[in-house]
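Working notes, structure below.
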Amino acid sequence: MKQLLDTETPSREELERILDTTEAMLEISQRDIKKVPTLRGRTVINMFLEPSTRTRVSFEIAAKRLSADAINVTASGSSLSKAETLSDMARNLSAMQADVLVVRDRNAGVPAMLARHLSIPVINAGDGNHEHPTQALLDAFTIRQAFGNIEGRVVSIIGDVAHSRVARSNIHALTKLGAEVRIAGPPTMIPVGVEQFGVKPCTSIDEALDGAHVVMMLRIQMERLEGALFPSVREYASTWGLSRERLRLARPDAVVLHPGPVNRGVEIQSEVADAEPSRILDQVTNGVATRMAVLYLLTGDSQ
Amino acid sequence: MKQLLDTETPSREELERILDTTEAMLEISQRDIKKVPTLRGRTVINMFLEPSTRTRVSFEIAAKRLSADAINVTASGSSLSKAETLSDMARNLSAMQADVLVVRDRNAGVPAMLARHLSIPVINAGDGNHEHPTQALLDAFTIRQAFGNIEGRVVSIIGDVAHSRVARSNIHALTKLGAEVRIAGPPTMIPVGVEQFGVKPCTSIDEALDGAHVVMMLRIQMERLEGALFPSVREYASTWGLSRERLRLARPDAVVLHPGPVNRGVEIQSEVADAEPSRILDQVTNGVATRMAVLYLLTGDSQ
Amino acid sequence: MKQLLDTETPSREELERILDTTEAMLEISQRDIKKVPTLRGRTVINMFLEPSTRTRVSFEIAAKRLSADAINVTASGSSLSKAETLSDMARNLSAMQADVLVVRDRNAGVPAMLARHLSIPVINAGDGNHEHPTQALLDAFTIRQAFGNIEGRVVSIIGDVAHSRVARSNIHALTKLGAEVRIAGPPTMIPVGVEQFGVKPCTSIDEALDGAHVVMMLRIQMERLEGALFPSVREYASTWGLSRERLRLARPDAVVLHPGPVNRGVEIQSEVADAEPSRILDQVTNGVATRMAVLYLLTGDSQ
């Protein structure tokens with residue numbers, strides 16, 4: 001692997017190799033001294049052109065636990081404005097002998113565009129509505145952690161699938177890894193022709209939950225979408241939100257995932273988000289290990 | 304100690320233990336190679352939601368001199384907006400196996416609220432008008448450095464005591480450490496019933512200075528307060544400002560402190576701020592050592 | 607050397623010592639593990655009060671490759687506003703036992719002002735229209751790399767010389783190092799009396815290019831200057847821009863430099879910027895090595 005731009009391109013074996021490496025990295029994160037010299041002398045550029053705290057911090061911690069030098073670049077305080085300047089900027093960072101470029105951008109395709117201009121690996125940390133591959137990998141890892149494997153597990157992704165890079169990356173990753181993926185949400189939030197991706201659309205949350213191993217709730221972009229794609233937050237919560245009662249439709253050993261940040265009382269009730277069988281904080285913990293694995297495989301592997 | 308949310312809660316022994324540890328840390332800061340491996344592999348999150356340079360840099364340098372990984376989180380470029388999201392964010396950072404959370408916020412009580420949600424130590428780096436405990440500790444350390452001890456020293460805190468988290472933390476710390484604390488300022492800036500904290504209110508700066516070992520001038524929030532709490536800057540400077548002449552009322556070996564940044568010519572004349580017996584830059588130097596001590600005691604001590 | 611505020615002050619020997627040290631630093635940057643313990647325990651403050659990404663990242667990478675602790679300070683999120691506060695801030699950072707202060711500011715003279723207040727070395731990372739000495743040093747290094755020496759090389763600096771701190775620093779450095787420096791640009795962009803600096807003004811780009819070893823194109827501040835100093839971008843590009851055709855006027859072994867970011871199609875055509883004999887990305891690579899050299903010579907040398 002030379003890039004991680006999406007989960008659509010890598011083979012099942014490549015995805016599994018990342019998950020296996022994540023296992024080893026998680027062990028490092030749980031040591032008393034959570035640091036190994038693996039990427040000492042490597043330079044990781046975290047270029048977050050869309051505001052972000054969680055994902056940026058997760059990548060920064062991952063780089064530092066591997067002893068890499070992590071350099072943050074944000075849109076504010078920079079001279080970036082146009083796409084052309086952006087690729088020049090990336091070429092410059094690469095010319096400073098950076099070893100890997102982590103990029104988040106509001107616009108789909110920016111990481112792939114930069115990858116075409118650069119000789120160093122590029123990791124997509126979220127690009128518009130396109131993909132967010134490390135999120136899907138940490139989700140897959142969390143599922144494997146809960147059940148021992150992914151093959152045959154029923155994963156229901158519920159919410160605004162059409163506008164979610166998290167959903168898109170998960171659909172590619174989880175179907176490839178052998179899960180049975182269902183999707184559910186208001187019709188305005190389900191992509192037309194989604195069956196072609198090997199997932200099963202459901203017309204109600206109850207249908208999606210029935211017998212599911214994994215319930216993955218998506219974040220609703222409330223500010224942006226209320227009125228446009230659904231009538232009201234209250235209506236959304238009652239029709240598509242996850243309550244403790246509804247969760248009983250899933251398997252008794254089902255787990256709940258959410259990419260965060262959670263809209264409590266909207267797509268998920270607090271009582272579900274904060275207690276068993278929620279794996280939301282495990283996802284965050286696993287996120288650091290997943291990013292350590294990806295940084296290691298893309299930059300440290302060849303030595 | 305599991306937290307440093309204020310100076311009101313810790314016992315005298317706990318405060319003295321921090322001061323003693325600061326002594327050792329100061330020695331490290333004066334070596335040619337100002338770095339020890341004590342907190343290697345530890346992750347320190349500096350979450351400064353109120354703009355700050357000095358205190359953030361002081362904590363960041365402190366963490367790095369102990370070989371910890373320091374991660375900065377600011378309000379700009381983050382998705383933080385509401386208190387609820389804030390505690391979710393903190394829980395996320397904690398789930399990334401951070402070892403300590405340093406927090407500054409405009410709102411009093413935010414560090415305590417986060418501490419209730421987290422299993423990792425929280426350090427208050429200033430919360431609204433409430434407390435700024437590391438500032439009081441560095442002030443206490445600077446006094447001990449100047450006089451050998453704190454017990455029985457007369458410390459006059461002059462200015463806007465009512466709206467100052469620095470004053471509040473110092474009152475708790477210094478009275479507990481045995482100092483005789485006086486306060487003085489315009490009546491609008493002195494909290495009602497302040498005597499109950501064991502301090503002596505003075506009605507003029509001259510009364511406060513008379514025989515004082517330590518003159519601690521507070522910063523006036525000029526932009527916010529002119530007209531509201533005092534008639535004019537000129538009036539304030541002449542009634543409550545510290546000039547070289549006025550300083551003669553204090554003991555011959557008195558020292559001058561100020562938490563910075565200084566409003567020159569307002570609460571203090573430049574000639575006083577920049578020369579003997581000002582300890583303002585010593586306070587800054589001691590601030591790094593104090594924060595090293597607190598980080599060490601809260602995160603490194605148990606190993 | 608105790609400061610690097612400009613290239614006007616240092617002697618030829620001092621400049622050459624930096625270039626020689628850069629050679630060694632470049633070698634480190636090309637190792638598999640690009641890190642040496644030289645400045646371990648040293649604290650480098652990068653105080654970029656004017657928005658910047660490239661130069662800040664270059665200094666940050668340089669510091670980290672030498673194992674120094676790098677602390678970033680920007681204008682946003684800080685309490686800085688007035689020049690007086692600025693020098694207080696710098697004195698504070700110095701009191702935290704920082705070892706060197708790197709400063710960029712919109713205003714000419716700020717680094718020199720701070721240097722007068724501080725006992726630690728100050729490096730000017732660009733101040734208004736005044737100087738940008740590390741840029742000139744990396745340019746000189748790139749020229750030496752291309753030709754083996756600088757003495758006698760013909761360097762043509764083309765564009766808005768009057769408003770360019772890059773041009774000013776290069777004129778001082780390159781004339782001192784023995785180059786023959788020509789300048790060319792619209793009359794509104796050429797300083798009156800520029801001959802006194804030992805450079806030769808040319809009245810056309812063709813005259814400047816004729817027989818040149820080095821063609822250094824300057825960035826046009828389009829937003830700021832269109833209409834004020836030149837009639838139109840199109841007009842500027844055709845009269846003063848560098849095309850492949852025009853470049854043939856220079857020597858067959860000529861190289862092209864640009865400080866970046868490039869305005870493609872304005873001062874330089876993409877086909878010239880992106881291919882031989884452009885050295886633009888080498889400049890970026892050499893920039894890190896140059897900054898490592900300067901940091902080392904100013905802070906590590908005495909040990």
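In order, the protein sequences belong to chains A, B and C.
To convert, note that position 13 of the first sequence is 13 in the numbering used here; the numbers rise steadily by one, no gaps.
To convert, note that position 266 of the second sequence is 569 in the numbering used here; the numbers rise steadily by one, no gaps.
To convert, note that position 203 of the third sequence is 809 in the numbering used here; the numbers rise steadily by one, no gaps.
A virtual CB, placed ideally from N, CA and C, is assigned to each residue, including glycine.
Asked: B:V502 in three-state terms, based on DSSP; Found: coil
Asked: Rounded separation between A:G77 and C:S658 - CA only; Found: Residue confidence is low: A:G77 scores 49 on pLDDT, short of 50, so the model does not pin down where it sits. No coordinate-derived value is stated.
Asked: Interfacial residues, the segment 391-418 of chain B to chain A, with Cβ spacing under 9 Å; Found: D391, M392, R394, N395, L396, S397, A398, M399, Q400, A401 and D402
Asked: Per-residue DSSP class, three states only, for C:I729; Found: strand
Asked: Backbone CA spacing between A:P201 and A:I28 [nearest angstrom]; Found: 39 Å
Asked: Beta-carbon gap between A:Q145 and A:P259 smaller than 8 Å; Found: no
Asked: Segment limits, beta strand (DSSP E) that includes B:N375; Found: D372 to T377
Asked: Interface residues of chain A facing B:I343 [CB-CB closer than 7 Å]; Found: For the sequence presented, residue 343 of chain B should be read as Arg rather than Ile. Residues of chain A passing the Cβ test: I33 and K35.
Asked: 8 Å Cβ shell around B:R359 - same chain, five flanking residues per side excluded; Found: N349, F351, N375, R407 and A428
Asked: Beta-carbon spacing of C:L903, C:A669 below 8 Å; Found: no
Asked: Cβ distance (whole Å) where C:R712 is taken to contact C:H736 below 8 Å; Found: In fact, because the Cβ distance is near 11 Å, the residues do not count as touching under 8 Å.
Asked: Beta-carbon contacts of A:K2 that lie in its chain and below 7 Å, excluding the five residues immediately before and after; Found: P121
Asked: Minimum Cβ-Cβ distance from A:V44 to chain C less than 8 Å; Found: no
Asked: Pairwise C-alpha distance: A:R219 and A:F230; Found: 14 Å
Asked: At least 3 beta-carbon pairs within less than 8 Å: the segment 311-327 of chain B vs the segment 566-582 of chain B; Found: no
Asked: Three or more C-beta pairs below 8 Å linking the segment 28-39 of chain A and the segment 151-162 of chain A; Found: no
Asked: DSSP bridge partner residues for B:T346 (one or two, in chain order); Found: B:D372
Asked: C-alpha distance - B:P414 paired with B:D430, whole-angstrom precision; Found: 7 Å
Asked: Boundaries of the alpha helix (DSSP H) in which B:V569 is found, first to last residue; Found: Looking at the DSSP string, B:V569 is not in any alpha helix (DSSP H), and its letter there is neither H nor E.
Asked: Residue environment, C:M828, which counts as buried when at least 16 other CB atoms sit within 10 Å; Found: exposed
Asked: A:E13 classed as buried or exposed, judged by whether at least 16 other C-beta atoms fall within 10 angstroms; Found: exposed
Asked: Segment contact, 8 Å Cβ cut-off, at least three pairs: the segment 166-174 of chain A with the segment 203-210 of chain A; Found: no
Asked: Rounded distance between the beta-carbons of C:G893 and C:I874, thought under 8 Å; Found: So it is not a contact: roughly 18 Å between Cβ atoms.
Asked: Own chain, CB closer than 6 Å to C:L610, minus 5 neighbours either side, in chain order; Found: I729, P739 and V900
Asked: Per-residue DSSP class, three states only, for B:G380; Found: Interpretation of B:G380 is limited by its pLDDT of 49, a score under 50 that renders its predicted location unreliable; no figure is taken from the coordinates.
Asked: Near-chain A residues of the segment 664-681 of chain C (beta-carbon distance less than 7 Å), N- to C-terminal order; Found: S664, E666, I667, K670 and T680
Asked: First through last residue of the alpha helix (DSSP H) which encompasses B:M520; Found: Per DSSP, B:M520 belongs to no alpha helix (DSSP H); it is in the beta strand (DSSP E), V517 to M520.
Asked: Where B:I486 sits in the DSSP three-state scheme; Found: strand
Asked: Within 8 Å, strictly: CB atoms of B:M303 and B:L560; Found: For residue 303 of chain B there is no data in the structure shown, the boundaries of chain B being 304 and 606.
Asked: Amino acids of chain B, ordered along the chain, whose beta-carbon sits closer than 7 Å to that of A:R246; Found: Going along chain B, no residue has its Cβ under 7 Å from A:R246, so there is no contact; the nearest lies around 22 Å.
Asked: Residue(s) in a DSSP beta bridge with A:S52; Found: DSSP lists no partner for A:S52.
Asked: Range covered by the beta strand (DSSP E) that runs through A:V255; Found: V255 to L257
Asked: Close beta carbons around A:L26, own chain, < 7 Å, minus the five adjacent residues each side; Found: N286 and A289
Asked: Short Cβ contact (8 Å threshold) for B:V464 with B:A482; Found: no
Asked: Per-residue contacts from C:T691 into chain B (C-beta, under 7 Å); Found: P564
Asked: Contacting residues, own chain, Cβ-Cβ under 7 Å from B:H420 (five flanking each side not counted); Found: S390, A393 and R394
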